[in-house]
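Asker: Those letters in the sequence shown? Residues -22 to -1, 1 to 332, by mature numbering (1 follows the signal peptide of the UniProt record, and there is no 0).
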Amino acid sequence: MKQLNTLIIILVTNLFFSTIKAQDTTLTNTLNFKQLKPIVQIFGTASYDTENKRYDYNFGRAHLGLQYQYNERWSAKIIIDRGRATSVGEISITDSTGHTLDIQNSSKEGSYYTMFLKFASLQWKVNDRLSLEAGAILQNHYITQERFWGLRYVAQTFQDLYWKIPSSDLGFIAFYNVNKAISLDASITNGEGVRVQQDATGKVKFAGGLNINPTSILQSRFYYHNRQASDEKLNTEHMYAAFIGLRPSSKLRVGSEFNYMKHLNYSGMDSYGYSIYSSYQLTDKTAYFIRFDRLLNDTKHTENTNTQGDGNSIMGGIAHAPVKKINISLNYQGWISDHHNNQNNILLSMEYKF
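1) If you compare alpha carbons, which of Gly295, Thr179, Ser249, Ser253 is closest to Ala287?
2) Give me the Cβ distance between Phe94 and Ile58, rounded to the nearest whole Å; I'm assuming they're in contact under 8 Å.
3) First and last residue of the beta strand (DSSP E) that includes Ala286?
4) How would you call Thr3, buried or exposed, if buried means at least 16 neighbouring beta carbons within 10 angstroms?
5) Which residue spans inside the segment 176 to 258 form an unbroken alpha helix (DSSP H) run of at least 4?
6) Any heavy atom of the ligand MG closer than 7 Å to the CB of Tyr244?
7) The alpha helix (DSSP H) that contains Tyr140, what's its start and end?
8) Confirm, please, whether the CB-CB distance from Lys181 to Gln206 is below 8 Å.
9) Along the chain, where does the beta strand (DSSP E) that runs through Glu111 open and close?
10) When we look at the beta-carbon of Ser327 and count the other beta-carbons within 10 Å, is it buried (16 or more) or exposed?
11) Taking the alpha-carbon positions, what's the Gly38 to Ser257 distance?
12) Any idea if Tyr201 is buried or exposed, counting beta-carbon neighbours within 10 angstroms, 16 or more meaning buried?
13) Can you name, in chain order, every residue of its own chain whose Cβ lies under 6 Å from the Cβ of His241, other than the five neighbours on each side?
14) Taking the alpha helix (DSSP H) that Arg125 belongs to, which residues open and close that run?
15) Flag this pair as touching only if the segment 89 to 109 and the segment 132 to 142 have three or more C-beta atom pairs under 8 Å; answer yes or no.
16) Along the beta strand (DSSP E) that carries Phe94, what are the first and last residues, could you check?
17) So for Phe332, helix, strand or coil by DSSP?
18) When you compare only the Cα positions, how much space is there between Trp141 and Arg231?
19) Whole angstroms is fine: what's the gap from Gln291's alpha carbon to Ser307's?
20) Our contact map puts Gly61 next to Thr23 with C-beta atoms below 8 Å; I'd like the distance itself, whole angstroms only.
21) Compare the beta carbon distance of Asp163 and Asn118 with 8 Å and say whether it is the shorter of the two.
22) Could you tell me which residues DSSP pairs with Ala133 in its beta bridges?
23) Quick one: grab the DSSP three-state call for Lys15.
24) Is it buried or exposed for Arg32, if we count other Cβ within 10 angstroms and need 16 for buried?
25) Quick one: Cα of Glu170 to Cα of Pro144, how far?
26) On the three-state DSSP scale, how would you describe Asn322?
27) What does a CB cutoff of less than 7 Å around Gln13 pick up in its chain, not counting 5 residues either side in sequence?
28) Suppose the cutoff is 7 Å on Cβ atoms and the five residues either side in sequence are ignored; what does the same chain contact list for residue 333 look like?
29) Near Asp34, which residues of its chain fall below 6 Å by C-beta distance, leaving aside the five closest residues on each side in sequence?
30) Are Asn309 and Val132 closer than 8 Å when you measure CB to CB?
31) Could you name the residues of the same chain whose beta carbon sits closer than 6 Å to that of Arg225, not counting the 5 residues immediately before and after it, in chain order?
32) Have a look at Glu329 and Gln123 and give me their C-alpha separation to the nearest angstrom.
33) At what residues does the beta strand (DSSP E) containing Thr264 begin and finish?
34) Give the DSSP-derived three-state secondary structure of Gly171 in the structure shown.
35) Can you give me the start and stop residues for the beta strand (DSSP E) that Arg39 sits inside?
36) In this structure, how does DSSP classify Phe(-6) when only helix, strand and coil are distinguished?
Structural data, given as structure tokens:
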């Protein structure tokens, strides 16, 4: 069986590279520095917790990398980021009677300022409709929402903020444009993010998305993923997401999304909620924004969860861009819990990139 699998892999690889050779003959061994683009993006936040009367400052992101355009069809990028690079992952506990309890722990350990490889991908634009990407890739689960929200340096979008789904993962992703209004994407990844190696059983995450943008005013996206557990005793995780964004004028945008996670982190818990956000461009450099999130968790199966409890999140503030690619925001972020103490924070958020 292993010999047959090896033969299939060799045949597919030969066919792939034969196709590449037939379609692209312009690749050379010469490095053209004009086609080399630096990637730098830094997020920093100074905050004040009004409940505990505590000040804090942190870096939320420090992307450093390069992108190279070989020709009109081939490109590659490599990006490192700052963060706690060690993931705890799966923990198995055996009691005195021999019963085993498997726990999925998504927390990160180690130095807060360790640099780790976040993206390292090769992209092939097959034609005007189809493009393929492989390696440590940018996943496409909440990127549409994040770009529409436009204030990632202020706060993450729903899936990223509450479920900590990694933005990068190891695998393959394909994009296909049906026409100007409809596009599709599908991916196969290891499911744990770039910080965790593929599990021993080779279980993966399958994902697919559909974008429908009939006009420049309206855009929408629908997404699903299926993340299989390496342990057959654990549940398969399913996520469903829907987003709609409106731009009724050049100054105003309004977006909303609904997200449902079944068996979050392979557990028996379901988590779901929605997010509504809006921004109004006061001038070319200044905008007001507001956002409301509602998060709910179905804990009837288990109380073991890595997610935040039930509650509402409220955000609002002003964003200013003194020059291009520098953004500063003074904002309020509050968490109103259904069962515990509330949180209130005043933040000064900033972003610069080039």
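Built from N, CA and C at the ideal position, the CB exists for glycine as well.
Answerer: Taking the definition as stated:
1) For the sequence presented, residue 287 should be read as Gly rather than Ala. Sorting Gly295, Thr179, Ser249, Ser253 by C-alpha distance to the C-alpha of Gly287 places Ser249 at the top.
2) 6 Å
3) Looking at the sequence provided, one finds Gln at residue 286 rather than Ala. Here Gln286 belongs to no beta strand (DSSP E), and DSSP marks it neither H nor E.
4) Note that Thr3 scores a pLDDT of 49, beneath 50, so its modelled location is shaky and nothing firm can be said.
5) none
6) With respect to the ligand MG, the structure shown offers nothing to examine, as it has no ligands at all.
7) 136 to 141
8) yes
9) The continuous beta strand (DSSP E) containing Glu111 extends over residues 108 to 116.
10) buried
11) 22 Å
12) buried
13) Asn213, Glu215
14) Element bounds for Arg125: 121 to 127.
15) no
16) 92 to 103
17) coil
18) 25 Å
19) First, the residue type needs correcting, since residue 291 is Ser and not Gln in the sequence shown. Computed Cα separation, rounded: 18 Å.
20) Actually they are not in contact, since the Cβ atoms of Gly61 and Thr23 sit about 14 Å apart, beyond 8 Å.
21) yes
22) None; Ala133 has no bridge partner.
23) strand
24) exposed
25) 8 Å
26) In the structure shown, Asn322 sits in a strand (DSSP, three-state: E or B).
27) Tyr46, Gln47
28) Missing from the structure shown is residue 333; the chain here goes from -22 to 332 and no further.
29) Ser25
30) yes
31) Same-chain partners within the cutoff: Ile195, Arg231.
32) 18 Å
33) 264 to 276
34) DSSP places Gly171 in coil when its eight states are reduced to three.
35) 32 to 47
36) Only weak support exists for where Phe(-6) lies, its pLDDT of 48 falling under 50; the coordinates are left without a value.
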